[in-house]
Amino acid sequence: MVAAYVSTLFFVVAFAQGLKLTAEPAIIEDIRDAQPTAARIVAGLPAVEGQIPFQTSIRMVDNIGGVYSCGGSIIDNKWVLTAAHCLANRDTFVVRFGVTNLTRPEIIVETTHKYIHPEYDEIRAGVQTADLALLGLDHYIPYSANVQPVRLMSKAQKNINYEGVTMIVSGFGRTDDLWNGGAASEILLWVYQRGVSNEECLRWYPTSQVIKEQTICAGYYDNPSQSSCQGDSGGPLTIVDADGERTQVGIVSFGSTAGCNSPFPSGYVRPGHYHDWFTEVTGINFDWDSDAIIPGSSESSSEESNGSSSEEDAGNPPSSEEDAGSPPSSEEDAGSPPSDEEDEEARERVHVVEY
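For the sequence shown, the positions run -18 to -1, 1 to 337 when mature numbering (1 follows the signal peptide of the UniProt record, and there is no 0) is used.
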């Protein structure tokens, strides 16, 4: 989590490493040489035990010895949901469960059972629309107060416009950009985001071919530095639904080459579009009856908690301006896309990259 400001525009796929401005979306691995990047939630807050019990940390080694980290979410006691670009061209994965501090996980599991969505080209890798994958475990993990599954967006919710809805994204990573001397965080961090319509998201990224109906975008809550970033890929973007339950509406996928501290929204995969594939792979139906459920409004979401009325618990938005600042009161505060006149040249330099 950081609050630094970066001027160069870039669209980062869920936070891996590097920098290279291209005409098409690019993964962070492809932009590594020009500018190092780091893994972190930007401008976030430390999670307490049990606040985000579905969060996992995934570590993996590639075929040349490089070590990478991503996030993931527990959807069943034998299955973890993450981003495809995290698992692409890697074979062994170490997953930590029940963890708010990486040095004290409740459970550590190693697995080689990866299932990348068939519409994701593992050879090409990089930023793609179907950027999702599953990790299968050899044994059931026991649930506890710190290890719990998250409910996935239902099929009926898959195309809901979450514009303006308060959301939470979480993950592990550096407290600042690597080139600023930031050290990797051992603590699980989380930050508020506001939903952005796909139409608005495309205004920020007018040349992107990735943002489609399977995509959900989210931007900062009240500080332009609030964002998911490198190393958070595969982690959960959640809301509190009208029934008070936490629902995962996105999988961290990509960000902007402008930097994680920029006002550009990040992109996430909507799991609601992929229930048939989940069932095909796992034999489990993760869909649920959401006919009576409406998406959390910005008001109802701002009252969200992690099954508790305590503000110290998971996710009540800060209760005072001192804690979090007032929500943006204007397009200028909230960060409008650059206008053609004001920043046409800058917008042309923006691209999608993996986180």
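Here a beta-carbon is modelled for each residue, glycine too, at the ideal position from N, C-alpha and C.
Is residue j closer than 8 Å to residue i when the C-beta atoms are compared?
i, j, result
"Val132", "Gln196", "no"
"Gly53", "Ser215", "yes"
"Pro253", "Met149", "no"
"Ile221", "Thr82", "no"
"Leu116", "Thr264", "yes"
"Gly177", "Val147", "yes"
"Ser51", "Gln37", "no"
Examine the ligand ADP and report whether any of its heavy atoms sits within less than 7 Å of the Cβ of residue i.
i, result
"Arg41", "Absent from the structure shown: the ligand ADP. Ligands present: none."
Where does residue i fall in DSSP's three states?
i, result
"Tyr202", "strand"
"Arg86", "coil"
"His99", "coil"
"Ala115", "strand"
"Cys211", "coil"
"Asp159", "Low per-residue confidence applies at Asp159: pLDDT is 49, beneath 50, and the placement is therefore not dependable enough to give any value."
"Phe260", "helix"
"Pro253", "helix"
"Cys183", "helix"
"Glu313", "At Glu313, the pLDDT of 38 sits below 50, so the modelled position is not reliable and the matter cannot be decided from this model."
"Arg22", "Per-residue confidence for Arg22 stands at a pLDDT of 43, beneath the threshold of 50, marking its modelled position as unreliable; no derived number is given."
"Leu170", "coil"
"Gln230", "strand"
"Cys52", "strand"
"Gln110", "coil"
"Gln196", "coil"
"Gln33", "coil"
"Gln175", "strand"
Quick check on the burial criterion: 16 or more other C-beta atoms within 10 angstroms. Buried or exposed for residue i?
i, result
"Gln33", "buried"
"Pro87", "buried"
"Asn267", "exposed"
"Ile193", "buried"
"Gln175", "buried"
"Val49", "exposed"
"Gln191", "exposed"
"Ile90", "exposed"
Among the candidates the options, whose CA atom is the shortest distance from the CA of residue i?
i, options, result
"Ile198", "Tyr250, Asp269, Val222", "Tyr250"
"Asn118", "Val49, Pro253, Ile57, Cys242", "A quick correction: the sequence has Gly, not Asn, at residue 118. Of Val49, Pro253, Ile57, Cys242, the residue nearest in Cα terms is Ile57."
"Asn59", "Gly53, Pro100, Phe79", "Phe79"
"Tyr202", "Val173, Glu92, Gln139", "Val173"
"His95", "Ala70, Gln110, Leu84, Ile105", "Ala70"
"Glu182", "Tyr50, Glu145, Met135, Val49", "Glu145"
"Ile40", "Val30, Pro28, Gly26, Glu92", "Glu92"
"Ala224", "Gln139, Ile89, Thr261, His121", "Gln139"
"Val76", "His99, Met42, Ile98, Val109", "Met42"
Can you confirm whether residue i, when its beta carbon is compared against all beta carbons of chain C, has any partner nearer than 8 Å?
i, result
"Gly118", "The chain inventory of the structure shown lacks chain C, comprising one protein chain alone."
Cβ pair count under 8 Å reaching 3, the region 233 to 249 against the region 51 to 67: Counting Cβ pairs under 8 Å, three or more are found: they touch.
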